[in-house]
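Mapped onto my numbering, the consecutive letters of the sequence shown carry residue numbers 140 to 253.
Heads up, the beta-carbon is just placed ideally off N, CA and C, and yes, glycines get one too.
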Amino acid sequence: MSGPGNRALAGSLGIRDKLAKPEAGKLIEDAAERAGLQPRKVTTVWRAASGFAHGRYWPNLRVSAVRDAVRGGPDHVLMALVIDESQHRPLTQHTRSLLHHVQARYAARADKRE
140 MSGPGNRALA GSLGIRDKLA KPEAGKLIED AAERAGLQPR KVTTVWRAAS
190 GFAHGRYWPN LRVSAVRDAV RGGPDHVLMA LVIDESQHRP LTQHTRSLLH
240 HVQARYAARA DKRE
């Protein structure tokens, strides 16, 4: 938050210190706990899927299955990888549970406003 106008607005709202940027892993962990899931399991599969989606090499060592391999030259092989089903299924189940939890909270808040 920068600029005098923003600082004045923050002060009027009772915000004195800089707000810390929330870490995605912490948000996922908190949401999992509030949804009645096991936070460590949820964050573990989320981190692996996130790393896979962002092209990191480390999740490929654990969570992926080779779909195809083609020799790309005399000293390297190109591989097509997909998230292994044993990793993908828990991720989708956790995601579905979190979405149901959020939807229920949203509906409860909407009912209170009416």
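As an exercise, report each continuous beta strand (DSSP E) stretch of at least 3 residues that is fully enclosed by the stretch 184-221, in chain order.
203-212
Proximity to residue 225 [Cα-Cα], best of 204, 243, 214 and 190
Along the sequence shown, read from residue 1 onward, the residue named residue 225 stands at position 86. Closest by alpha carbon: 204.
Under three-state DSSP, which class holds residue 167?
Counting from one through the sequence shown, the residue named residue 167 turns up at place 28. Of the three classes helix, strand and coil, the one that applies to residue 167 here is helix, per DSSP.
By alpha-carbon positions, which one of 182, 177, 214 and 194 ends up nearest to residue 162?
In the sequence shown, residue 162 corresponds to position 23, counting from 1. Out of 182, 177, 214 and 194, 182 has the C-alpha closest to the C-alpha of residue 162.
Expected contact under 8 Å - CB spacing of residue 171 and residue 237 to nearest Å:
Reading the sequence shown from its first residue, position 32 is the one you call residue 171. Reading the sequence shown from its first residue, position 98 is the one you call residue 237. That pair is a contact at about 7 Å.
When DSSP labels each residue in this structure, what does residue 174 get in the three-state scheme?
Your numbering for residue 174 matches position 35 in the sequence shown. Coil at residue 174, not helix or strand.
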